[in-house]
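Residue numbers (the UniProt record's numbering): 1 to 204.
Heads up, the beta-carbon is just placed ideally off N, CA and C, and yes, glycines get one too.
Predicted, not measured: the structure shown is a model, and the values here were computed from it.
Data first, discussion second: the structure below is written as structure tokens.
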Amino acid sequence: MINNAGSVKTPVPDIMEDWNNKLTTAAEKGDIEALKLSLQNGAEIDYQNVGGWTALMLAAREGYLEICRLLIDTGCKIDITGGGGETALMLAAMIGHLEICKLLIDTGCKIDITEKGGGETALMLAAMTGHLEICKLLIDTGCKIDITEKMDGYTALHLAAQYGHLQTTRCLVEQGGASPLVKSHKEQLNATKWAKHVADIIKR
């Protein structure tokens, strides 16, 4: 900006935005001291970066349990959704961070939120990536196991079987996670194929 005397003034930086960005960066990198400093300097604990992700979501994805605990103890919201509708629980479940999933569930997070795009739940994401203990945790907590995603109408069982996760498939079958004979709404795999596919996996 040019003043009346013709000299150039440097715009004052948005200090708050700077601390907000430092907060999310610290969470993603696992730098707990930098995260504390950001909060002490007024960073918004639930600030969402350009992707819509909060510090909690980033820490949950990267597996930083103590940072997640600190953010929760400091009062962050645990069910904020990112740009694609993903939550901290979904991210932890997909990557396989069991202790973070336990922490979020013990804190009272919602377990059946679905993504905006594909409509997947935390259980579906854990099933498709084969994280058996997280699937068991979510089921024991009372998640809905027959929810279908948007693209193909698959349930968590369909996804576990499709990606060849034997133990996870068995677990979901035992829990009645959706009969292998149930067709997806696009019927990409018919009932007979699903029955054979799941049976083949369970026999391994």
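Report, in whole angstroms, the separation of the C-beta atoms of residue i and residue j, which I expect to be a contact under 8 Å.
i    : j    : result
A93  : A126 : 4 Å
L98  : E66  : That pair is no contact at about 15 Å.
G51  : G85  : In fact, because the Cβ distance is near 12 Å, the residues do not count as touching under 8 Å.
L89  : I111 : 7 Å
A26  : A34  : 4 Å
C109 : D79  : 6 Å
I145 : A160 : Their Cβ separation, rounded to whole angstroms, is 11 Å, which puts I145 and A160 out of contact at 8 Å.
D46  : K77  : 5 Å
T121 : I147 : 5 Å
L123 : L138 : 5 Å
C143 : L172 : With 8 Å as the limit, C143 and L172 do not qualify as a contact, their Cβ atoms being about 11 Å apart.
I95  : G118 : Not really, about 17 Å apart at Cβ, beyond 8 Å.
Determine, for residue i, whether the minimum Cβ-Cβ distance to residues of chain D falls below 9 Å.
i    : result
T148 : The structure shown has no chain D; it contains just one protein chain.
Secondary structure at residue i, three-state DSSP: helix, strand or coil?
i    : result
C101 : helix
H158 : helix
D18  : helix
C76  : coil
Q40  : helix
T87  : coil
K29  : helix
E149 : coil
E120 : coil
T81  : coil
I45  : coil
E66  : helix
T129 : coil
Does residue i pass the burial test, meaning 16 or more other C-beta atoms within 10 Å, or should it be called exposed?
i    : result
N20  : buried
Y163 : exposed
T168 : buried
T74  : exposed
Y154 : buried
N49  : buried
E174 : exposed
E17  : exposed
I15  : exposed
Could you give the first and the last residue of the continuous alpha helix (DSSP H) run that contains residue i?
i    : result
E62  : A55 to E62
C109 : First-last for C109: undefined, no H or E at that position.
K136 : L132 to T141
T168 : L166 to E174
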